[in-house]
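Protein chains in written order, with the working numbering: chain A, 1 to 200; chain B, 1 to 200.
Using N, Cα and C, we set each Cβ at its ideal position, and we do this for glycine too.
2 protein chains.
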Amino acid sequence: MSKLRYSASISLDGFAAGPDQSREHPLGVGGRALHTWTREAGPGSRVLEEDNRGVGALIMGRNMFGGGPGPWGAEPWAGWWGPNPPFHLPVFVLTHHPRPVFECEGGTTFTFVTDGLDAALAQAVDAAGGQYVDICGGATVAKQYLAAGLLDEILLHLVPVFLGAGVRLFDDETLDKVTLEQIFVVEAPGVTHLKYRVLR
Amino acid sequence: MSKLRYSASISLDGFAAGPDQSREHPLGVGGRALHTWTREAGPGSRVLEEDNRGVGALIMGRNMFGGGPGPWGAEPWAGWWGPNPPFHLPVFVLTHHPRPVFECEGGTTFTFVTDGLDAALAQAVDAAGGQYVDICGGATVAKQYLAAGLLDEILLHLVPVFLGAGVRLFDDETLDKVTLEQIFVVEAPGVTHLKYRVLR
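Now the structure itself:
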């Protein structure tokens with residue numbers, strides 16, 4: 001059975017993105033610093049690659065996919081990533097606004113799910129074929145799955161930078177109800193990978 | 001020359017203490033969970049012990065020492081820790097309210113410093129004899145030293161719990177001016193120790 005995992009880069013002061021997200025700054029001002037580690041080589045990164053091989057599908061929120069709020073319009077936003085997005089997997093985008101499936105080069109398919117968390121998870125699990133379903137980006141989406149008791153693991157990439165402001169990864173008063181178990185910690189150049197199991 | 005280090009336990013959602021600090025809950029509601037790791041044994045703890053051997057003096061804020069705000073009064077607060085506090089070191093307490101030096105059993109001495117950050121650091125460095133000066137607890141105090149360019153290292157004990165609310169360890173818009181270098185990461189039961197150097 002597929003596990004649902006939240007995978008996110010986080011600054012030392014707890015931000016998953018910088019302030020003032022825009023087309024120019026999809027990760028917010030300063031937010032790119034959270035992802036420079038992905039370009040580094042090293043033993044830690046290899047561990048992570050091994051881990052990433054086990055991912056069969058992704059879930060993201062509308063904000064992560066981008067294009068602003070509201071209906072998609074006549075020339076719908078095609079994502080931040082150009083014709084060949086770096087996912088190479090089925091991606092399920094949670095949105096209130098229906099839209100046909102959008103197939104890209106390199107095996108990335110965006111399916112737009114309008115009937116909620118459970119439906120998106122069911123479709124993603126179906127597509128993942130027993131591998132992980134990862135929630136990528138989208139702190140809001142992850143919080144909703146966590147609150148619904150549907151999240152199995154949290155994989156954090158803790159980056160030694162301060163952003164000072166932005167979107168906090170964990171900012172929810174009900175989080176104190178969640179119990180975690182530390183699974184592994186891997187130090188790598190410019191990042192520490194931390195994996196936790198959500199206990200129920 | 002002594003280095004100034006900020007050493008603190010932090011929850012996965014970024015809190016250094018829980019909400020509603022009081023005599024009954026000096027670490028805030030739920031805040032004790034941040035310190036249970038100190039009772040665990042294991043390789044990580046040994047590394048930490050080694051590290052702690054190099055500490056010669058401590059700096060803390062008035063809030064960490066406790067007793068509420070304002071003048072000390074006729075029967076001044078003697079700290080949260082009883083007659084033999086667990087520090088066994090000279091401790092310099094930043095306060096606006098003067099008070100004589102307060103000596104406890106076991107080698108802990110509380111000196112109350114009313115003339116600011118620089119004065120407290122100078123006295124602590126003098127007492128530390130070349131060993132580390134640690135800022136213990138007191139996120140506000142650490143932020144002030146960081147902003148003043150006086151902090152050398154940050155040692156975090158990242159605990160896999162969510163507090164949901166409380167006192168955020170890093171909550172300052174000017175932090176994005178600070179650059180860090182990852183020094184070491186040590187995984188231990190129920191905690192990850194992370195050490196960073198502050199670059200100038």
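For this session: Return yes when at least one heavy atom of the ligand ATP lies under 7 Å from the C-beta of Thr111/A, else no.
Result: Looking at this structure, you won't find the ligand ATP or any other ligand, since it has none at all.
Exercise. In this structure, what does DSSP give as the bridge partners for Gly61/B?
Worked result: Leu94/B
Exercise. According to the neighbour-count rule (16 or more other Cβ atoms, all chains shown, within 10 Å of its Cβ), is Ser22/A buried or exposed?
Worked result: exposed
Problem set entry | chain B within 8 Å of Gln182/A, Cβ atoms only | yes
Exercise. Looking at the C-beta of Ala118/A, does it have a partner C-beta in chain B at a distance below 8 Å?
Worked result: It should be pointed out that residue 118/A corresponds to Asp in this sequence rather than to Ala. It does not; no Cβ of chain B falls within 8 Å.
Exercise. Got a sec, what are the start and stop residues for the alpha helix (DSSP H) Leu117/A sits in?
Worked result: Leu117 to Ala128
For this session: Would you kindly work out how many angstroms separate the C-alpha atoms of Asp172/B and Phe162/A, rounded to a whole number?
Result: 9 Å
For this session: State buried or exposed for Leu199/B, treating a residue as buried only when at least 16 other CB atoms are found within 10 Å of its CB.
Result: exposed
Exercise. In terms of alpha-carbon separation, which member of Thr108/B, Ser2/B and Ala122/B lies closest to Ala78/B?
Worked result: Thr108/B
For this session: In the DSSP assignment, find the unbroken alpha helix (DSSP H) run with Leu146/A in it and report its ends.
Result: Ala139 to Ala147
Problem set entry | Chain-ordered neighbours of Glu173/B on chain A, where CB pairs are closer than 7 Å | Gly164 and Ala165
Exercise. Relative to chain A, which residues along the region 12 to 32 of chain B have a C-beta separation below 7 Å, given in chain order?
Worked result: Leu12, Asp13, Gly14 and Gly30
Exercise. Taking any Cβ of chain B, which residues in the region 183 to 200 of chain A have a Cβ under 7 Å from it, in chain order?
Worked result: Val185, Glu187, Gly190, Thr192, Leu194 and Tyr196
Exercise. His96/A: which of Pro85/A, Val185/A, Pro86/A and Leu117/A sits nearest, CA to CA?
Worked result: Leu117/A
Problem set entry | Cα-Cα separation between Gly106/B and Gly54/A, rounded to whole angstroms | 54 Å
Problem set entry | Buried/exposed call for Ile183/B, threshold 16 Cβ in 10 Å | exposed
Problem set entry | Cβ-Cβ separation, Arg62/A to Pro76/A (assumed contact under 8 Å), whole Å | About 12 Å; that fails the 8 Å criterion.
Exercise. Are the CB atoms of Gly138/B and Pro19/B nearer to each other than 8 Å?
Worked result: no
For this session: Excluding the 5 residues preceding and the 5 following His88/A in the sequence, name in chain order all residues of the same chain whose CB lies nearer than 7 Å to its CB.
Result: Gly106, Gly107 and Thr108
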